[in-house]
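K.L.:
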Amino acid sequence: MVQLYYIVFAMILILTLPMASDKIAFAHETLERDRFAPLAGVNKFIRVGMYVALGVALVMLLMVCVSRSELLPDYHMYKNMYYGHGYAANGRHIEPSFIWLCQASPSFMALLLAYALLSVGTHFWGILRNSPNLWLSMVLYVGMYFVLHDMIQMRAAVSAGILLIAVRYIPRRRWYVYFPLVALAMLFHSSAVVFVPLFFLPAKRMYRPFWMVLLGVCLIVGISGVQLGKLVRFLPLEIVNNYLISYGGERFVTDSTVGPMRIFMVIVLMVMVYYLPQIQKRYPLATVCVGISICSQACFLLLGGIPVMPTRLGELLGTVDILTLAAFPLISRRYYYALVAVPIIIGIYNAMAGYVLLTSVA
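Each residue of the sequence shown is one higher than the one before, starting from 2 at the first, in the numbering used here.
#1: Could you check what DSSP says for residue 278 in three-state terms: helix, strand or coil?
#2: Relative to the C-alpha of residue 266, which residue among 225, 278, 219 and 288 is closest?
#3: Please go through the stretch 18–67 and give each complete alpha helix (DSSP H) segment of 4 or more residues, from N-terminal end onward.
#4: Grouping DSSP H, G and I as helix and E and B as strand, with all else coil, what is residue 252?
#5: Quick check on residue 134: buried or exposed, where buried means 16 or more other Cβ atoms within 10 Å of its Cβ?
#6: Hey, could you find the ends of the alpha helix (DSSP H) residue 436 is sitting in?
#7: Residue 226: buried (16+ other C-beta within 10 angstroms of its C-beta) or exposed?
#8: Which residue spans inside the stretch 135–219 form an unbroken beta strand (DSSP E) run of at least 3?
#9: Quick check on DSSP: helix, strand or coil for residue 336?
#10: With a threshold of 16 other CB atoms inside 10 Å of the CB of residue 352, please say whether the residue is buried or exposed.
#11: Only counting the same chain, and skipping five residues up and downstream in sequence, which positions put a Cβ closer than 6 Å to that of residue 290?
#12: Return the CA-CA distance between residue 27 and residue 165, expressed in angstroms with no decimal places.
#13: Is DSSP giving residue 71 helix, strand or coil here?
#14: Taking only the alpha-carbon atoms, compute the straight-line gap between residue 345 and residue 137 and give it to the nearest angstrom.
#15: Is it right to say residue 96 is buried, meaning 16 or more other beta carbons lie within 10 angstroms of its own, or is it exposed?
#16: Might you give, ordered along the chain, the residues of its own chain that have their beta carbon closer than 6 Å to the beta carbon of residue 284, omitting 5 neighbours on each side?
#17: Measuring only the C-alpha atoms, how far is residue 200 from residue 286?
#18: Here's the rule I'm using: 16 or more other beta-carbon atoms within 10 Å means buried, otherwise exposed. How should residue 256 be labelled?
#19: Could you tell me whether the Cβ atoms of residue 66 and residue 121 are closer together than 8 Å?
#20: Measure the C-alpha to C-alpha separation of residue 350 and residue 39 and round it to an integer number of angstroms.
#21: Under a Cβ-count criterion, where at least 16 other Cβ atoms within 10 Å of its own Cβ denotes burial, should residue 107 be classed as buried or exposed?
#22: For residue 139, which of 56, 259, 312 and 298 has the nearest alpha-carbon?
#23: Helix, strand or coil: which one does DSSP assign to residue 98?
#24: Between which two residues does the alpha helix (DSSP H) carrying residue 122 extend?
#25: Can you have a look at residue 155 and say buried or exposed, based on whether 16 or more other CB atoms are within 10 angstroms of its CB?
#26: Below 8 Å between beta carbons: does that hold for residue 171 and residue 185?
#27: For my contact list, residue 264 and residue 273 are in at a C-beta cut-off of 8 Å; report their separation, rounded to the angstrom.
#28: Buried or exposed for residue 176, going by 16 or more other Cβ atoms inside 10 Å?
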């Protein structure tokens, strides 16, 4: 399984490598901002070739999803739930979409294929419609979140893919499209309720000093080891306590650590906030994507002490990093190829970290 993942990862990066060109990345500069499309300014024949390459990549990732190892986390949980007609043995709440798909699937493998089509398909559609750099987004998607979401947390993966599609409608304030998409995402995973307030984030410009200070404060809190999660125990909300118990039992407080990659991510986001006006001129979704990525890092850094919640929310919102980090090289066309190294490092580092997930036993 590990070898298959890395072979497919390498093949996809090579197959889609032509999309890494600065000519492709900046091809949309002449388009109207409200009509942003990554390949709209590309020659028709080149565009068709890229669609074919992405289609082949899609098929390869679907193959990896369906042939996942039975030893992966959550595999047997979902298998038992499938044979239980979509219901969890411990009585935990399960979204209706899972029950419907279980009832519609003639076999467990059919259920895995259905979720793979939905999760990988929504991620590809979101990237194809909203990415400022298709190749970098593929590096980040397959490296950062494919193993965790599409191969393990398949319900959350569909919700995350829908967010990648929905983010397009925030800057244009098309609430009548965004909120139905959020409702659809909640049918696949209830945690998608956190997508609701994202609609009210700054859409076209942000007060940069505030967001840079916010990142700095979050980093200081995270490094200091302050357990803000302890405060959650005192909230007089039964739904919150039940949610925490369902995931972590009575173990409310756990250690929170901030590694070098978390610090690196915060620094990268600070740089993006500083150069946001330049990026926004070339990528109309930049402000809202950077805002969501900051919220993701805040979850990791501020919610230490709560089992599962900081990582679940951080990873769910962090899916937008697939778009945010792909916009990093737009800071300067002159230094484009040097700047590309930053998201590549993040993607490959996480792909290496994926080895732990692929070799872990449920």
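Beta carbons are placed, not taken as given, at the ideal position from N, Cα and C, and that holds for glycine.
P.N.:
With the structure as the only source:
#1: When secondary structure is reduced to three states using DSSP, residue 278 falls in the helix class.
#2: Cα-wise, what sits closest to residue 266 is 219.
#3: Fully contained in the stretch 18–67 are the following alpha helix (DSSP H) runs of length 4 or more, in chain order: 23–26 and 45–67.
#4: With a pLDDT of only 43 at residue 252, under the threshold of 50, the placement of this residue in the model should not be trusted, and no figure is reported.
#5: So residue 134 counts as buried.
#6: Shown here, the chain extends from 2 to 363; a query on residue 436 therefore has no answer.
#7: Exposed, because fewer than 16 other Cβ atoms sit within 10 Å of the Cβ of residue 226.
#8: List check, beta strand (DSSP E) in window: nothing returned.
#9: The DSSP-derived three-state label of residue 336 is coil.
#10: So residue 352 ends up on the buried side.
#11: So the list reads 321, 324 and 325, once near-sequence residues are dropped.
#12: Each residue's Cα considered, the two are about 21 Å apart.
#13: Coil at residue 71, not helix or strand.
#14: C-alpha separation (whole angstroms): 7 Å.
#15: Residue 96 counts as buried, since no fewer than 16 other beta carbons sit within 10 angstroms of its beta carbon.
#16: The answer, listed in chain order, is 133, 328 and 331.
#17: Whole-angstrom Cα-Cα distance: 13 Å.
#18: Below a pLDDT of 50, predicted positions are generally treated as unreliable, and residue 256, at 45, falls in that range; the measurement from the model is reported next regardless. With fewer than 16 other Cβ atoms from the protein chains shown falling within 10 Å of its own Cβ, residue 256 counts as exposed.
#19: Against a cut-off of 8 Å, the Cβ pair of residue 121 and residue 66 comes out as a contact.
#20: Between residue 350 and residue 39, the C-alpha separation is close to 26 Å.
#21: By the Cβ neighbour-count rule, residue 107 is exposed, with fewer than 16 other Cβ atoms within 10 Å of its own.
#22: Comparing alpha-carbon positions, the option among 56, 259, 312 and 298 lying closest to residue 139 turns out to be 56.
#23: Helix, per DSSP.
#24: DSSP places residue 122 inside the alpha helix (DSSP H), whose first and last residues are 109–131.
#25: It is buried - the Cβ of residue 155 has at least 16 other Cβ atoms within 10 Å.
#26: For the 8 Å CB-CB criterion, residue 171 and residue 185 do not form a contact.
#27: Rounded to whole angstroms, the Cβ separation of residue 264 and residue 273 is 15 Å, and the two are not in contact under 8 Å.
#28: Burial call: exposed.
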